[in-house]
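Chemist:
Residue numbers (this note's numbering): 52 to 262.
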């Protein structure tokens, strides 16, 4: 798995898109130049494209590679980013790399024992710890120091004593530039622990009860 520094050295420029939280964050990174970041508090289907438009000097056809947060986080936001990436790479093929939101936060921390969590619905939690990687656990199995990134939606009450940590992607990436957090993907999409399963049913005509 490459690190951010290696990606910039290879591709010279990188467009980073993160819609995992309620704040859409888009960064334009070029080797040897200061990074530009735009953050917008708006719906992802608007904010992602508006942020790209506002990045000075950015032309999509000149991007060397793309990087995006595949989650955990807002499924709608992440899939909006994935749709944009599939369109842009269809018009002009370029490498796409993904990273995990919780891993980014964990590796930026100076506490190796920290567990970073996000709501996984159905009374379970996404959990990332450096020693164990990414898992999905019920609340009763959460242990140790817990934090959740700011701006991540939750449908269940946070476990007791869970702290909140900033989710400023530009700062987190700068702090983890040498960490191997990225992997290449041929099909950008939101992270899922497992593919969804659907129940089957047989349609029946409703009839009045027999007398």
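For every residue, glycine included, the Cβ atom is placed at its ideal position computed from N, Cα and C.
1. So, residue 154 versus residue 117, is the Cβ gap smaller than 7 Å?
2. Start and end of the beta strand (DSSP E) containing residue 97?
3. Sort 202, 167 and 61 by Cα distance to residue 187 and report the nearest one.
4. Over the uninterrupted beta strand (DSSP E) stretch that includes residue 180, give me the two end residues.
5. Taking just the CA atoms, how far does residue 75 sit from residue 195?
6. What are the start and end residues of each continuous beta strand (DSSP E) run of 3 or more residues lying completely inside the segment 143-220, in chain order?
7. Can you say whether residue 149 is buried or exposed, counting buried as having 16 or more other CB atoms within 10 angstroms of its CB?
8. Touch check for the segment 219-238 and the segment 96-109: three-plus C-beta pairs under 8 Å?
9. For residue 123, is the classification buried or exposed, using 16 other Cβ atoms within 10 angstroms of its Cβ as the cut-off for buried?
10. List the endpoints of the continuous alpha helix (DSSP H) containing residue 56.
11. What first and last residue would you give for the beta strand (DSSP E) that runs through residue 89?
12. Report the option in 174, 223 and 229 whose CA atom is closest to the CA atom of residue 210.
13. So residue 114 is in the beta strand (DSSP E); what residue range does that whole segment cover?
14. Look at the Cβ atom of residue 239, then the Cβ atom of residue 162, and state whether they are nearer than 7 Å.
Modeler: So, from the listed chains and residues:
1. no
2. It is not in any beta strand (DSSP E) - residue 97 instead sits in the alpha helix (DSSP H) that spans 95-105.
3. 167
4. 176-180
5. Computed Cα separation, rounded: 30 Å.
6. Within the segment 143-220, the runs of beta strand (DSSP E) at least 3 residues long that lie entirely inside it are, in chain order, 147-151, 166-170, 176-180, 184-188, 197-200 and 214-216.
7. By the neighbour-count criterion, in which a residue is buried when 16 or more other Cβ atoms sit within 10 angstroms of its Cβ, residue 149 is buried.
8. no
9. buried
10. 55-62
11. 87-91
12. 174
13. From DSSP, residue 114 is part of no beta strand (DSSP E); its letter is neither H nor E.
14. no
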